[in-house]
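Number of protein chains: 2
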Amino acid sequence: MTGVLVVDDDQHLLKALRITLQAHGYTVETAADGEAALIAASRNPPGLVVLDLGLPDMDGAAVLRELRRWSSAPVLVLSARHGSSDKVDALDAGADDYITKPFGLEELLARLRALLRRAPETAEPSTVDTAEFSVDLGRRMVTRNGEPVRLTPTEWSILELLVRNPGKLITQQQILATVWGPAYEKEANYLRVYMAQLRRKLEADTGNPRHLLTEAGVGYRFRP
Amino acid sequence: MTGVLVVDDDQHLLKALRITLQAHGYTVETAADGEAALIAASRNPPGLVVLDLGLPDMDGAAVLRELRRWSSAPVLVLSARHGSSDKVDALDAGADDYITKPFGLEELLARLRALLRRAPETAEPSTVDTAEFSVDLGRRMVTRNGEPVRLTPTEWSILELLVRNPGKLITQQQILATVWGPAYEKEANYLRVYMAQLRRKLEADTGNPRHLLTEAGVGYRFRP
DNA sequence: GGGAATCTTGACGGATCCTTAACGCCGGTG
DNA sequence: CACCGGCGTTAAGGATCCGTCAAGATTCCC
Chain A
1 MTGVLVVDDD
11 QHLLKALRIT
21 LQAHGYTVET
31 AADGEAALIA
41 ASRNPPGLVV
51 LDLGLPDMDG
61 AAVLRELRRW
71 SSAPVLVLSA
81 RHGSSDKVDA
91 LDAGADDYIT
101 KPFGLEELLA
111 RLRALLRRAP
121 ETAEPSTVDT
131 AEFSVDLGRR
141 MVTRNGEPVR
151 LTPTEWSILE
161 LLVRNPGKLI
171 TQQQILATVW
181 GPAYEKEANY
191 LRVYMAQLRR
201 KLEADTGNPR
211 HLLTEAGVGY
221 RFRP
Chain B
1 MTGVLVVDDD
11 QHLLKALRIT
21 LQAHGYTVET
31 AADGEAALIA
41 ASRNPPGLVV
51 LDLGLPDMDG
61 AAVLRELRRW
71 SSAPVLVLSA
81 RHGSSDKVDA
91 LDAGADDYIT
101 KPFGLEELLA
111 RLRALLRRAP
121 ETAEPSTVDT
131 AEFSVDLGRR
141 MVTRNGEPVR
151 LTPTEWSILE
161 LLVRNPGKLI
171 TQQQILATVW
181 GPAYEKEANY
191 LRVYMAQLRR
201 KLEADTGNPR
211 HLLTEAGVGY
221 RFRP
């Protein structure tokens with residue numbers, strides 16, 4: 001889900017926003033002052049920022065400008081000040097929207113939706129490369145030597161699970177439960193068939209796979 | 001310069017906005033009712049729309065929805081109504097910002113700047129080409145070997161969705177929900193019929209499509 | 001109201017995909 | 001050295017899905 005960073009020094013408001021946003025499916029991080037906000041944003045880049053202008057340590061506009069130096073995430077500014085010049089300053093400093101306290105939560109949510117509609121840029125790196133093939137998770141596409149590779153739905157599900165956990169060992173039960181459902185955890189046969197197909201389509205030397213590795217008796221592992 | 005379409009039935013406000021916007025370097029067109037607005041927008045696609053919700057002939061929200069069917073230009077809504085539900089409705093109908101009358105011109109200008117700052121991203125390549133046909137998203141037109149191709153509304157909706165996401169796999173549910181509505185997610189029949197029609201109109205070899213590809217059991221994909 | 005364009009519905013052959021079973025290989029084990 | 005379990009490989013059968021066509025139903029526009 002989309003990550004939202006909420007910056008405000010009012011603990012009550014912070015808590016209310018966190019609960020509301022999480023209830024609507026957003027992942028929420030919070031910060032109580034400007035410095036914490038910038039650190040949190042750099043550590044875990046948010047898809048959207050809700051920023052209060054009245055912060056204890058530094059001017060909200062300064063936070064905004066600093067953030068804009070490297071992030072293009074939409075910023076919605078909260079403020080208690082109704083003055084026209086405040087709004088103009090914030091918007092020209094890089095904010096995407098400006099809403100004055102007190103505000104209705106419904107309106108806030110609607111404005112967030114409108115902002116996110118414009119910026120589907122939160123997309124992950126979304127593509128994982130190896131020496132031989134490349135997996136585009138966003139487009140659901142696999143290419144090998146520049147040529148697209150056709151995968152069946154089941155093949156893709158398995159590959160996606162492995163690729164989303166690079167280097168990590170995934171047990172057969174995990175794969176079976178994820179792709180076929182928890183009732184199929186005993187059907188290790190399926191896996192043998194499909195891993196063979198995946199290797200035939202993706203590996204240069206099927207006998208010596210370089211990226212889709214077997215851990216005998218346990219499961220499989222994707223090596224980038 | 002950027003073209004702004006201002007829609008309002010208040011002649012005085014219209015005049016004031018025209019003068020102000022022109023003084024700030026925008027090219028301005030005006031419309032006094034919803035129908036005129038839609039005609040003006042289709043004749044000369046604006047880079048931005050300022051839309052009053054209280055129009056004499058049709059609901060402002062209706063204008064917005066109609067506009068959104070083919071234009072992705074940012075829309076700033078003006079309204080005399082302060083109600084929270086009005087704002088939510090307008091924003092969810094596709095508006096990018098909502099400002100209540102009376103408002104300060106400075107604030108309006110700042111919000112327009114903020115919207116246009118985001119717009120270049122959405123500035124459409126507006127036309128997508130393949131070896132065999134070309135799709136003009138802005139004009140809502142398809143040509144093949146220089147000849148225009150007639151598409152029905154449904155055909156166009158599907159093609160547009162696919163073409164706006166080049167290379168990306170779009171699931172059947174996504175297409176059905178987007179084109180027919182979320183209640184039709186089970187009607188995979190429709191898709192088969194319409195994909196066949198699209199291929200007949202756009203592909204050289206219907207049996208071996210080169211751009212409108214099928215992913216059995218999942219969905220379809222447009223390859224540029 | 002009438003005619004044309006568009007949308008819906010159903011049916012069929014063919015393509016694709018999933019399941020299942022069989023066989024060979026390899027390493028470990030008694 | 002024979003046995004055994006786990007893995008890779010392959011291919012055939014059946015189930016599912018897709019492309020295609022055509023005939024009704026509906027909508028739209030004159």
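Chain order of the listed sequences is A and B.
For the first sequence, the UniProt record's numbering gives the first residue as 1, with consecutive numbering after it.
For the second sequence, the UniProt record's numbering gives the first residue as 1, with consecutive numbering after it.
In this text, a Cβ means the ideal position worked out from N, Cα and C, and glycines have one as well.
query = Is the CB-CB distance between Val88(B) and Glu187(A) below 7 Å?
reply = no
ask   = Taking only beta-carbon atoms, is Glu106(A) less than 7 Å away from chain B?
value = yes
key: Anticipated Cβ contact below 8 Å, Leu76(A) with Asp97(A), distance rounded   = 5 Å
Cβ separation of Glu203(B) and Arg210(B), assumed to be a contact under 8 Å, to the nearest whole Å = 7 Å
task = Could you tell me which chain B residues have their CB closer than 8 Å to the CB of Gly138(A), listed as they occur along the chain?
result = Lys168
key: Proximity of Ala40(B) and Asp9(B) at Cβ, strictly below 7 Å   = no
Extent of the continuous alpha helix (DSSP H) to which Glu160(B) belongs = 153-163
request  = Would you kindly work out how many angstroms separate the C-alpha atoms of Phe222(B) and Asn165(B), rounded to a whole number?
outcome  = 7 Å
inquiry  = Would you say Leu91(B) lies against chain A (beta-carbon separation less than 7 Å)?
reply    = yes
ask   = Mind checking Gly34(A): buried by the 16 CB within 10 Å criterion, or exposed?
value = buried
query = Which class does Val75(A) belong to by DSSP, given the choice of helix, strand or coil?
reply = strand
task = Name the residue from Gln11(A), Gly217(A), Val49(A) whose alpha carbon lies nearest to the alpha carbon of Leu109(A).
result = Val49(A)
message = Within 7 Å of any Cβ in chain A, is that where the Cβ of Asp52(B) sits?
response = no
ask   = Interface residues of chain B around Pro153(A) at Cβ under 9 Å?
value = Glu215, Ala216, Gly217, Val218
Arg111(B) burial status per 10 Å Cβ neighbour count (16 or more: buried) = buried
Span separating the alpha-carbon of Val28(A) from that of Tyr184(A) = 35 Å
key: Same chain, Cβ closer than 7 Å to Thr122(A), neighbours up to 5 away in sequence not counted   = Low confidence applies here, because Thr122(A) scores a pLDDT of 49, under 50, leaving its location unreliable; read the following figure in that light. Correct list, in chain order: Thr2, Gly47.
query = Which class does Asp52(A) belong to by DSSP, given the choice of helix, strand or coil?
reply = strand
request  = Check each candidate in Arg43(A), Thr127(A), Asn189(A) and name the one with the smallest Cα separation from Trp70(A).
outcome  = Arg43(A)
Best match in Arg117(B), Val142(B), Ala119(B) for proximity to Asp129(B) [C-alpha to C-alpha] = Val142(B)
Where Ser84(A) meets chain B, residues with beta-carbon distance less than 8 Å = Gly104, Glu106, Glu107
key: Rounded straight-line distance, which links the Cα of Trp180(B) to that of Ala73(B)   = 23 Å
request  = Give the straight-line distance between the Cα atoms of Thr178(A) and Ala216(A), rounded to the nearest whole angstrom.
outcome  = 20 Å
ask   = Secondary structure at Thr122(A), three-state DSSP: helix, strand or coil?
value = Model confidence at Thr122(A) stands at a pLDDT of 49, short of 50, so the residue's coordinates are unreliable; what they give is reported in the following sentence. Correct three-state label for Thr122(A): helix.
ask   = Three-state secondary structure (DSSP) at Tyr194(B)?
value = helix
key: Start and end residues, alpha helix (DSSP H) containing Thr20(B)   = 11-23
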